[in-house]
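Q: Heads up: the sequence shown at position 173 corresponds to 236 in our numbering, and the numbers run straight through without jumps. One structure follows; several queries about it will come next.
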Amino acid sequence: MRAVLSRMKEYSPQMSREDLILEYIPLVKYLAQRIASRLPQNVELEDLINAGVIGLIDAVEKYDPSKRIKFRTYAEFRIKGAIFDELRSQDVLPRSWRQKIKELEEAYLRLEQRLGRTPTEEEVAEEMHISIEEFHQSLKEVRSINFLSMDGLIDPTCADKGRLRDILMDPEEKDPLEVLGLAELREILAKAIDELPERHRLVVALYYYEELTMKEIAEVLGVSESRISQIHSQAILSLRAKLKKVLGRDAEGR
């Protein structure tokens, strides 16, 4: 511990271990609230905050400034990882929700293989034999599943891409880094995003890379916030379907 604190003091000479933890407690609360806002109401915010504090303490103990990663970036990585561990241990998502997202992903995958492009809302609804209203309701219901994911980042030095990877992962499946290398995963995600329709691609870029809120994106594009939410969910479902297809193929060949 003394060695860790000694290295930290190269960057924060006046800050003790306890001071550093207190300094970043607001970050824990912010991340916990952001995650909780996308999850079912039965999830206790206090549980997420407690898990996040454990992640923060872990970050303080394991941080190595010689790797030239900002402490805040590294702490966020550890905090979110601890929160996602807590969520997986609680198994907060109903099985019916998992089944619904599986059906949506399979419909997207079948249509993309058949059409050679990202399908429209109407095409997906028809493929699933449901009305467009039922399709929109399904998108609304699976938003929590789209967000809950495997912990970790593609690269602790690139938190924005990490957040995108987080929501593309299924908690019940292997982390893609167990199947693919870092460079290969980045290339696959970039290609999949490029293949999205222009508006879907723009929403992904504004939300994950520019960190605009859904409301801000709606104002930029001149549509309702609920419409942006729908486009976001469709983009994520399409990306998840593409990634699962690649992961399945690579897993079989390794």
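Idealized CB from N, CA, C, for every residue including glycine.
Using the beta-carbon count (16 or more within 10 Å), is Pro89 buried or exposed?
A: Position 26 of the sequence shown, counted from the first residue, corresponds to residue 89. Classification of Pro89: exposed, given that the 10 Å Cβ count is below 16.
Q: Considering Cα atoms alone, identify which of Glu282, Lys130 and Ala255 is closest to Leu300.
A: Mapped onto the sequence shown, residue 300 falls at position 237. Ranking Glu282, Lys130 and Ala255 by Cα distance to Leu300 puts Ala255 first.
Q: Excluding the 5 residues flanking Lys92 on each side, which residues of the same chain have their C-beta closer than 8 Å to its C-beta?
A: The residue given as residue 92 occupies position 29 in the sequence shown. Answer for Lys92: Ile112 and Gly115, listed in chain order.
Q: For the alpha helix (DSSP H) that Tyr93 lies in, which residues bound it at each end?
A: As a first step, residue 93 is located in the sequence shown; it is residue number 30 there, counting from the start. Per DSSP, Tyr93 belongs to the alpha helix (DSSP H) from Arg80 to Ala99.
Q: Near Ile280, which residues of its chain fall below 7 Å by C-beta distance, leaving aside the five closest residues on each side in sequence?
A: The count along the sequence shown starts at 1 and reaches residue 280 at position 217. Here the set comprises Val266, Leu269, Tyr270 and Ile291.
Q: Helix, strand or coil, according to DSSP, for Lys130 in the structure here?
A: The residue you call residue 130 lines up with position 67 of the sequence shown. Reduced to three states, the DSSP call for Lys130 is helix.
Q: Taking the straight line between their C-alpha atoms, what separation do you get for Val309 and Ser79?
A: Within the sequence shown, numbered from 1, the residue matching residue 309 stands at position 246. Within the sequence shown, numbered from 1, the residue matching residue 79 stands at position 16. Rounded to the nearest angstrom, the two C-alpha atoms are 46 Å apart.
Q: Can you find at least 3 beta carbon pairs, one from the stretch 97–108 and one from the stretch 116–133, that sit closer than 8 Å?
A: no
Q: How long is the line joining the alpha carbons of Ala122 and Ile146, rounded to whole angstroms?
A: The residue given as residue 122 occupies position 59 in the sequence shown. The residue given as residue 146 occupies position 83 in the sequence shown. Approximately 13 Å between the Cα atoms of the pair.
Q: If you run the structure through DSSP and keep just helix, strand and coil, what is Thr136?
A: Stepping through the sequence shown from its first residue, residue 136 is reached at position 73. Correct three-state label for Thr136: helix.
Q: For Arg249, which of helix, strand or coil comes out of DSSP?
A: Position 186 of the sequence shown, counted from the first residue, corresponds to residue 249. In the structure shown, Arg249 sits in a helix (DSSP, three-state: H, G or I).
Q: On the criterion of 16 or more Cβ atoms from any shown chain inside 10 Å, does His295 qualify as buried, or is it exposed?
A: Residue 295 sits at position 232 when you count from the first residue of the sequence shown. The residue is buried, with at least 16 neighbouring Cβ atoms inside 10 Å.
Q: Give the secondary structure of Asn113 by DSSP, where H, G and I count as helix, E and B as strand, and everything else as coil.
A: To locate residue 113, count along the sequence shown from 1; it is residue 50. Asn113 falls in the helix class under three-state DSSP.
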